[in-house]
Amino acid sequence: MGKIQNRPLPWAAIEPWRGKAFKGEWPTLAELITISAERFADRPCFTDFDPDRRTYTYAQVMEKIRQLVQWLCSMGIKKGDTIAVSGKNSPEWGVVYLSAGFVGAIIVPIDYALHEKEVTNLLNTAKPKLFFVDEEKYKYFSENPCGAKVYSLNMKIPETYVFDLKTESTFTPEPSTENDTAALLFTSGTTGTPKGVMLSHKNLVADCFIAQTNLLILETDVFYALLPIHHAYTMQAAFINPLSVGAEIVFGKTMAVSKMLKELREGKITLILGVPLLFNKLLAGIVKGIRAKGPIVYGIMKILMGLSYLIKKLTGKNPGKKLFKAVLEKASISTLRVAICGGGPLAASVFRMYQEFGIDFIQGYGLTETSPIIALNPIEHFKIESVGRDFSPHMEMKIIDKDEKGIGEVVVKGPMVMQGYYNMPEETAAMFTEDGFLKTGDLGWMDSENYLYLCGRAKNLIVTAGGKNVYPEEVENAFQLYFNDINQITVVGYEMEAGSKSEGIEAQIYPADELLKKLGVQRGDAVAQDAIYNAISDIVEKVNKTLQPYARISKITILDEPLEMTTTQKVKRKYNK
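Counted the way this note's numbering counts, the sequence shown spans residues 15 to 591.
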């Protein structure tokens, strides 16, 4: 803990506005963007490449918000109404989101990857008065509006384009207060019936500033909002957080590699957040490029990487950016200052390799119900196996129902914890302990410095014949460096004997295209099945040697079709227990 530099509390910067621009304990989202527009008027705020670069300063974004707010009032939108938004990441999306709080409305961000029927179900639940939607789904919802008036997020549909909506009248709306619901986020993790998580302005803004106690972000930073912004993780870490300090947000719209590299390079990104799949892909490309230079060059690079990591851990200095400048430039990440991984567990070996290349790579942890960040690894004192340190004394985290190893369920209490599930009082009550802590459903343990170590989800736990607990996520993580051969892996328990409660360990694997290419076979070719199985078996055998005997895989299933994924690239698990 002594290594962490003393610095002012992140919210000290907005204290001069307390009692003037905001009167609560925390500003609302509307008050926050108003303060930032005053502090950073001429700084770039929203940027996208669609296909040419568009950049709006904080003052210009504020002007767009004011225009839309007056129009919302003219449409009769008032406090407590809901406004839905669904589309690709864009300045238009951001303006709609921020405008809602100025009129006391609740924003309902909807996953743009959902099918129309699924979106319809959410609209019927949230009952928005207005629905702002992107071009691909505009026609469908303008014909099937679910009781909402439908408007466009894209200038290709000019008649209802959001930036052209205006009124000549002047209104004085009743804005939200900090304890009002700011956003209704529909989520079910990766399975089950979607639930609407109600997050207040206090939840979101408190979490924004409290998370910054473990990570210094700067007004000169350029954040890359690449993951879908409706998701709590991107919404908080790559949208609300940068807005609080006057940083720039570059909206990414696709994970297509060529587009992503262009945006990283031309946007001069300094801070990227992603999920394990994204960072594994990026790293696999870097390592492949180094290996292509031959074994001698690769061996020298590995020695330098080890030296870089050692210097960083011992001195806090970061030589990797200079040592590997050419490598990072080729990958379009030479301007990166920090990379943050969330949305799922990342292998410690991957985490370490980014650190070796000189990129301050940190992990965070949270869930939609906690706005979402509740742990973050400080750059100055990171622990490679941990998902981060909690934010005590600004929140509480503890482990309950511990086993003999000290592993139990992670529970939390603090200003970032949700108001509850929308119209689901029983489900809300079931999420809390008797003393008011939110139950995360995750199993883990904490060390003496309040760093959290996750083992897996409680409902994923596999119990072996010897009574040992196996956490599928830990086994899956061991395969992350085989990204070029394995596209997806899900570890599940299987019944070894009929009627037995003890389970064996099964790996369900969808091979990568690159492996099939290497083997010279086609997917779905019956003749090729043995070759594919043998290649996968060799990888499983190597990984099994690194695992405890009771956690080793005893059954392999090769999948013909990829498993369904969430928009944050996690496999949707099926639960039969």
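A virtual CB, placed ideally from N, CA and C, is assigned to each residue, including glycine.
Determine the contact status of residue i and residue j, defining contact as a CB-CB distance below 7 Å.
i, j, result
"Asp-56", "Thr-42", "no"
"Tyr-547", "Ile-572", "yes"
"Ser-322", "Glu-394", "no"
"Leu-275", "Ser-346", "yes"
"Gly-101", "Leu-167", "yes"
"Gly-402", "Gln-377", "yes"
"Lys-586", "Glu-575", "no"
"Lys-216", "Glu-188", "no"
"Val-425", "Lys-412", "yes"
"Ser-214", "Gln-433", "yes"
"Ile-387", "Asp-221", "yes"
"Asn-294", "Gln-494", "yes"
"Asn-464", "Ser-551", "no"
"Pro-142", "Ile-171", "no"
"Ser-400", "Tyr-467", "yes"
"Leu-137", "Cys-160", "yes"
"Val-83", "Cys-59", "no"
"Leu-292", "Val-352", "no"
"Val-535", "Ala-545", "yes"
"Leu-46", "Val-219", "yes"
"Ser-385", "Met-438", "no"
"Tyr-165", "Phe-177", "no"
"Tyr-436", "Leu-198", "yes"
"Gly-507", "Ile-476", "yes"
What first and last residue would you give for the beta strand (DSSP E) that runs through residue i?
i, result
"Ser-100", "96 to 100"
"Glu-423", "422 to 427"
"Met-460", "452 to 460"
"Gly-470", "465 to 471"
"Ala-196", "195 to 201"
"Pro-123", "120 to 123"
Reducing DSSP to helix, strand and coil, say where residue i ends up.
i, result
"Asn-491", "helix"
"Asp-56", "coil"
"Met-445", "coil"
"Cys-160", "coil"
"Tyr-412", "Before going further, note that residue 412 is Lys rather than Tyr in the sequence given. It is a strand residue."
"Ile-519", "strand"
"Arg-68", "strand"
"Val-585", "strand"
"Tyr-247", "helix"
"Ile-49", "helix"
"Ile-317", "helix"
"Thr-61", "strand"
"Tyr-547", "helix"
"Tyr-175", "strand"
"Tyr-126", "coil"
"Leu-167", "coil"
"Asn-590", "Annotation note: pLDDT 46 at Asn-590 (below 50); position unreliable, coordinate value reported separately. Of the three classes helix, strand and coil, the one that applies to Asn-590 here is coil, per DSSP."
"Phe-497", "coil"
"Leu-144", "strand"
"Gln-74", "helix"
"Thr-329", "helix"
"Arg-80", "helix"
"Phe-253", "helix"
"Asp-417", "coil"
"Ile-553", "helix"
"Pro-187", "coil"
"Ser-406", "coil"
What span of residues does the alpha helix (DSSP H) with residue i cover, start to end?
i, result
"Phe-155", "149 to 157"
"Glu-620", "What is shown of the chain runs 15 to 591, which leaves residue 620 out entirely."
"Asn-138", "130 to 140"
"Glu-509", "Here Glu-509 belongs to no alpha helix (DSSP H); instead the beta strand (DSSP E) covers 500 to 509."
"Val-341", "339 to 344"
"Tyr-111", "105 to 114"
"Leu-533", "527 to 533"
State the beta-bridge partners of residue i as determined by DSSP.
i, result
"Ala-542", "DSSP output for Ala-542 lists no bridge partner at all."
"Lys-37", "Bridge partners of Lys-37: none, in fact."
"Val-484", "Ile-476"
"Thr-571", "Gln-522"
"Arg-32", "Phe-36"
"Gly-434", "Met-212"
Legend entry - Inside the region 346 to 403 only - alpha helix (DSSP H) runs reaching at least 4 residues: Here the runs fully enclosed are 362 to 370.
Legend entry - Residue ranges of each beta strand (DSSP E) within the region 259 to 315, 3 or longer: The beta strand (DSSP E) runs of length 3 or more contained entirely in the region 259 to 315 are, from start to end of the chain, 262 to 265 and 285 to 288.
Legend entry - Completely contained beta strand (DSSP E) runs for the region 204 to 241, where each covers 3 or more residues: Counting only runs of at least 3 residues, the region 204 to 241 fully encloses the following beta strand (DSSP E) elements, listed from N- to C-terminal order: 209 to 214 and 236 to 239.
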